[in-house]
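Okay, structure first, notes after.
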Amino acid sequence: MTDAILEVNDLRKSYGAPDQPIPVLRGLSFAIERGSFCAILGPSGSGKSTLMNIVGLLDRPTSGAVRLAGEMVDPGSADQAAHTRNRLIGFVFQSFNLLPRLTAWENVALPLLYAGVPRAMRKPSALEMLERVGLADRAEHRPGALSGGQQQRVALARALIRNPGLVLADEPTGSLDSVTAGEVMGVLRELNRSLGATVVMVTHDRDLASRCDRRIEMLDGRIVADVTTQ
Amino acid sequence: MSGGLFKGARLSLAEAAIEALDNLRAQGQRSALALLGIMIGAASIIAVLSIGHMAQLETLKTFRHLGVDVINIHAAPAGMASVGVLDRSTVERLPDLDPAVLAATSFIADHDKVSAGVMKATVAVGAVAPGLARLVRLGLSEGRFVSPVDDNGLVAVVGAKAAAKLSSPGAPIAPGAHITMKGYEFTVIGVLKPSPFTPLDAMEIDDAVMIPLTGAGRVFPSSQPTGALVRLRPNADVDAAGKRIAAMLDNPTSSLVVIKAREIIKGMNAQKAIHNQLLAAVGAISLLVGGIGVMNVMLMGVMERRREIGLRAAVGATPGDIGLMFLVEAAVLAFVGGLAGLIVGVLAALVSASISGWTFSIALWVLPLGPGVATLVGVTFGLYPAIKASRLSPIEALRAE
Ligand SMILES: Nc1ncnc2c1ncn2[C@@H]1O[C@H](COP(=O)(O)OP(=O)(O)OP(=O)(O)O)[C@@H](O)[C@H]1O
Ligand SMILES: [Mg+2]
Numbered sequence: 000m001t002d003a004i005l006e007v008n009d010l011r012k013s014y015g016a017p018d019q020p021i022p023v024l025r026g027l028s029f030a031i032e033r034g035s036f037c038a039i040l041g042p043s044g045s046g047k048s049t050l051m052n053i054v055g056l057l058d059r060p061t062s063g064a065v066r067l068a069g070e071m072v073d074p075g076s077a078d079q080a081a082h083t084r085n086r087l088i089g090f091v092f093q094s095f096n097l098l099p100r101l102t103a104w105e106n107v108a109l110p111l112l113y114a115g116v117p118r119a120m121r122k123p124s125a126l127e128m129l130e131r132v133g134l135a136d137r138a139e140h141r142p143g144a145l146s147g148g149q150q151q152r153v154a155l156a157r158a159l160i161r162n163p164g165l166v167l168a169d170e171p172t173g174s175l176d177s178v179t180a181g182e183v184m185g186v187l188r189e190l191n192r193s194l195g196a197t198v199v200m201v202t203h204d205r206d207l208a209s210r211c212d213r214r215i216e217m218l219d220g221r222i223v224a225d226v227t228t229q
Numbered sequence: 000m001s002g003g004l005f006k007g008a009r010l011s012l013a014e015a016a017i018e019a020l021d022n023l024r025a026q027g028q029r030s031a032l033a034l035l036g037i038m039i040g041a042a043s044i045i046a047v048l049s050i051g052h053m054a055q056l057e058t059l060k061t062f063r064h065l066g067v068d069v070i071n072i073h074a075a076p077a078g079m080a081s082v083g084v085l086d087r088s089t090v091e092r093l094p095d096l097d098p099a100v101l102a103a104t105s106f107i108a109d110h111d112k113v114s115a116g117v118m119k120a121t122v123a124v125g126a127v128a129p130g131l132a133r134l135v136r137l138g139l140s141e142g143r144f145v146s147p148v149d150d151n152g153l154v155a156v157v158g159a160k161a162a163a164k165l166s167s168p169g170a171p172i173a174p175g176a177h178i179t180m181k182g183y184e185f186t187v188i189g190v191l192k193p194s195p196f197t198p199l200d201a202m203e204i205d206d207a208v209m210i211p212l213t214g215a216g217r218v219f220p221s222s223q224p225t226g227a228l229v230r231l232r233p234n235a236d237v238d239a240a241g242k243r244i245a246a247m248l249d250n251p252t253s254s255l256v257v258i259k260a261r262e263i264i265k266g267m268n269a270q271k272a273i274h275n276q277l278l279a280a281v282g283a284i285s286l287l288v289g290g291i292g293v294m295n296v297m298l299m300g301v302m303e304r305r306r307e308i309g310l311r312a313a314v315g316a317t318p319g320d321i322g323l324m325f326l327v328e329a330a331v332l333a334f335v336g337g338l339a340g341l342i343v344g345v346l347a348a349l350v351s352a353s354i355s356g357w358t359f360s361i362a363l364w365v366l367p368l369g370p371g372v373a374t375l376v377g378v379t380f381g382l383y384p385a386i387k388a389s390r391l392s393p394i395e396a397l398r399a400e
């Protein structure tokens with residue numbers, strides 16, 4: 000597969016002492032096609048979050064390789080990992096992780112700050128992203144004044160503001176009711192189509208998973224099923 | 000500030016400072032507490048330097064009327080003698096005898112009870128020669144100073160403060176008034192303008208009643224002078240001239256003490272230096288305490304904001320960006336404390352000036368020192384928390400509650 004945004008090869012992760020390792024990821028290999036919308040499913044403790052964190056360069060594997068947009072990731076350099084996260088990856092968390100002191104647009108603009116985008120240029124970009132997620136009128140609100148669904152849409156805007164190749168969403172609808180979850184999923188799907196961003200989404204919701212192009216199912220640190228619907 | 004301590008930081012200092020101000024405002028009260036220590040430290044630095052500066056100006060002002068080229072020779076009794084004396088005619092010939100001497104005058108100084116009508120007071124009593132007025136640059140507000148024509152006359156010149164003490168309603172001390180001393184009645188011929196007291200003066204002229212030296216025997220044990228003031232040429236070698244003059248005036252009944260203006264100034268400065276060192280120590284200790292306060296606030300901030308740190312890392316902040324953010328916060332915190340300290344310090348200097356009766360004055364170079372030193376302290380003590388923040392693992396930071 001040549002047009003893969005993400006390639007993972009024999010990825011392993013263990014916790015615990017070196018002489019008594021507790022394996023969590025037991026040799027994963029897969030590739031994710033650019034522009035696809037992929038769900039990762041699996042019971043609690045199967046290693047979904049661990050995988051997402053390693054792929055998102057927030058954590059390091061015990062062994063194995065991660066290739067992002069065709070480039071090998073150097074597991075040693077924290078600075079390079081930060082730059083790659085900024086440029087290539089957008090995170091969406093279950094708990095939104097918005098900074099409460101900042102307004103919606105300031106939260107959205109945060110990745111631009113670390114990309115070195117001048118202050119004057121950040122606001123227009125952030126407002127444009129907020130418009131895309133249907134929150135143009137909430138730009139000056141702080142997260143505390145927004146509903147859960149609205150907060151997660153702000154987080155989506157933040158994840159996509161640098162137009163990253165890969166959006167990693169770990170249970171993005173986990174703390175939302177099913178109606179709101181469906182709405183957020185719809186926005187994510189829309190952004191995937193219009194911006195061409197690849198989305199990898201961890202979910203426990205089979206309904207939402209069925210709306211994805213591909214479903215990777217994990218169990219005990221291994222991939223047990225990988226289904227693509229066309 | 001890419002490179003350097005937090006290499007890999009892509010945030011500009013200006014961006015970091017704006018972020019820092021936002022974050023500090025959010026911390027509110029706790030920041031205020033850390034500010035207090037820094038403020039006191041910076042305030043004491045400003046106050047110390049300003050007070051020192053004003054004291055220096057005051058010293059110079061004190062010697063302005065006298066000049067710094069004056070020496071005072073005091074004859075202390077030696078051996079069996081009960082009083083030390085100087086030879087008046089030798090003193091008066093000093094300008095001819097020594098090329099370094101511009102003018103010289105001799106006097107006797109003491110304290111005594113005097114009265115004027117119903118008013119009684121203890122004042123300085125001096126027997127002086129006409130040359131004193133020029134040598135010490137005395138100004139007259141009324142009448143005239145003692146002159147050669149007074150010779151043995153029962154006349155007196157009164158200092159401004161002594162005049163005020165001895166005046167009564169309807170009977171002001173003015174030329175023509177009478178002052179009684181040791182049973183003699185003296186007629187006032189002049190009243191002086193207020194004049195500051197210098198440590199070099201043998202008596203507080205402002206608070207003195209002065210009579211002609213020639214007739215001093217009526218009030219003092221003898222009419223022989225006990226002290227002399229000598230004005231030297233501006234660039235004269237004060238030490239050498241002092242030695243020569245002492246040798247010329249040497250006599251068996253007296254041991255001569257030579258007091259030089261420059262030495263007194265040096266002594267006053269040294270005293271102030273000790274005083275300043277003490278205050279500076281207070282400032283240093285407050286800054287230290289303030290610095291530890293800043294470190295505490297920052298460490299607590301790092302702990303509480305772990306999720307924020309994790310999130311910032313997730314969206315692309317490098318360890319350097321995060322370290323820089325906290326370092327700038329510490330610096331801004333301390334800078335604000337330093338600014339407050341600057342204001343408090345200037346106020347303290349103002350109050351201390353008004354208590355000491357000094358003219359308020361601030362040296363401009365002192366002003367940036369308060370915030371400057373405070374910022375330095377903030378950066379120093381903010382370093383450890385900043386490094387700690389920059390070393391947090393993003394994944395653990397994100398997982399924190
Ligand atoms: N820092 C850690 N130290 C030790 N064990 C860990 C650590 N992080 C995760 N684990 C273990 O790794 C396993 C996988 O965790 P992970 O969070 O990836 O599961 P998950 O599939 O995301 O589960 P869930 O659906 O509950 O979120 C779990 O058994 C967990 O206890
Ligand atoms: Mg998980």
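These protein sequences, in sequence, are chains A and B.
Using numbering that gives the first Met the number 0, you'd call the opening residue of the first sequence number 0 and step up by one each time.
Using numbering that gives the first Met the number 0, you'd call the opening residue of the second sequence number 0 and step up by one each time.
Here a beta-carbon is modelled for each residue, glycine too, at the ideal position from N, C-alpha and C.
Item	Value
DSSP-derived helix/strand/coil call for residue 179(B)	strand
Residue 45(A) CB to nearest heavy atom of ligand 3 below 7 Å	Ligands present in the displayed structure are limited to ligand 1 and ligand 2, and ligand 3 is not among them.
Extent of the continuous alpha helix (DSSP H) run through residue 318(B)	318-355
Contact under 8 Å by Cβ, residue 253(B) with residue 127(B)	no
Start and end residues, beta strand (DSSP E) containing residue 216(A)	213-218
Min CB distance residue 78(A) to chain B below 8 Å	yes
Cα-Cα separation, residue 297(B) to residue 213(A)	46 Å
DSSP bridge partner residues for residue 231(B) (one or two, in chain order)	100(B)
C-beta neighbour in chain A for residue 322(B), strict 8 Å	no
Short-range partners of chain B found in the region 81-100 of chain A, where Cβ spacing is below 9 Å	81, 82, 83, 84, 85, 86, 88, 89, 90, 92, 94, 96, 97, 98, 99, 100
Every unbroken beta strand (DSSP E) within the region 219-277 of chain B, with a cutoff of 3 residues, ordered by chain	226-231, 253-259
Neighbourhood of residue 189(A) by C-beta distance below 7 Å, restricted to the same chain and skipping five residues each side	none
Proximity test, residue 58(A) beta-carbon vs ligand 2 heavy atom, cut-off 7 Å	no
Coarse secondary structure for residue 128(B), derived from DSSP in three states	coil
Per-residue DSSP class, three states only, for residue 230(A)	Residue numbering for chain A in the displayed model covers 0 to 229; residue 230(A) lies beyond these limits and cannot be assessed.
Residues near residue 132(A) by beta carbon distance below 6 Å, same chain, minus five either side	152, 155, 156, 186
Chain A contact residues for residue 61(B), given Cβ-Cβ distances below 9 Å	Within chain A, no residue comes near residue 61(B); the closest Cβ sits about 57 Å away, beyond 9 Å.
For residue 121(B), the three-state DSSP class (helix, strand or coil)	strand
Any non-hydrogen atom of ligand 2 within 7 Å of residue 204(A) CB	no
Supposed contact pair residue 112(A) and residue 100(A) - C-beta distance, whole angstroms, cut 8 Å	About 14 Å separates the two Cβ atoms, so there is no contact after all.
Terminal residues of the alpha helix (DSSP H) in which residue 5(A) lies	First-last for residue 5(A): 3-14, but that is the beta strand (DSSP E), not the alpha helix (DSSP H).
Helix, strand or coil at residue 52(B) according to DSSP, with G and I counted as helix	helix
Contacts around residue 183(A), its chain only, beta-carbon distance under 8 Å, and the 5 residues preceding and following it disregarded	148, 151, 152, 155, 171, 172, 175
Check whether residue 70(B) and residue 224(B) have beta carbons under 8 Å apart	no
Residue 201(A): CB within 7 Å of a non-hydrogen atom of ligand 2	yes
Endpoints, the alpha helix (DSSP H) within which residue 371(B) is located	368-389
C-beta neighbour in chain B for residue 57(A), strict 8 Å	yes
heavy atom of ligand 1 below 7 Å from residue 23(A) C-beta	yes
First through last residue of the beta strand (DSSP E) which encompasses residue 200(A)	197-201
Residues of the region 147-158 of chain A whose Cβ lies closer than 9 Å to any Cβ of chain B, in chain order	157, 158
Cutoff 8 Å: residue 14(A) Cβ touching any chain B Cβ	no
Close-in-space but distant-in-sequence residues of the same chain around residue 276(B) (CB under 8 Å, 5 per side omitted)	none
Three-state class that DSSP yields for residue 96(A) in the structure shown	coil
Beta-carbon contacts of residue 66(A) that lie in its chain and below 6 Å, excluding the five residues immediately before and after	6
Chain B residues whose Cβ lies nearer than 9 Å to that of residue 30(A)	Those do not exist, as residue 30(A) stays about 23 Å from chain B at its closest Cβ, beyond 9 Å.
Inter-residue spacing [alpha-carbon to alpha-carbon] between residue 229(A) and residue 219(A)	28 Å
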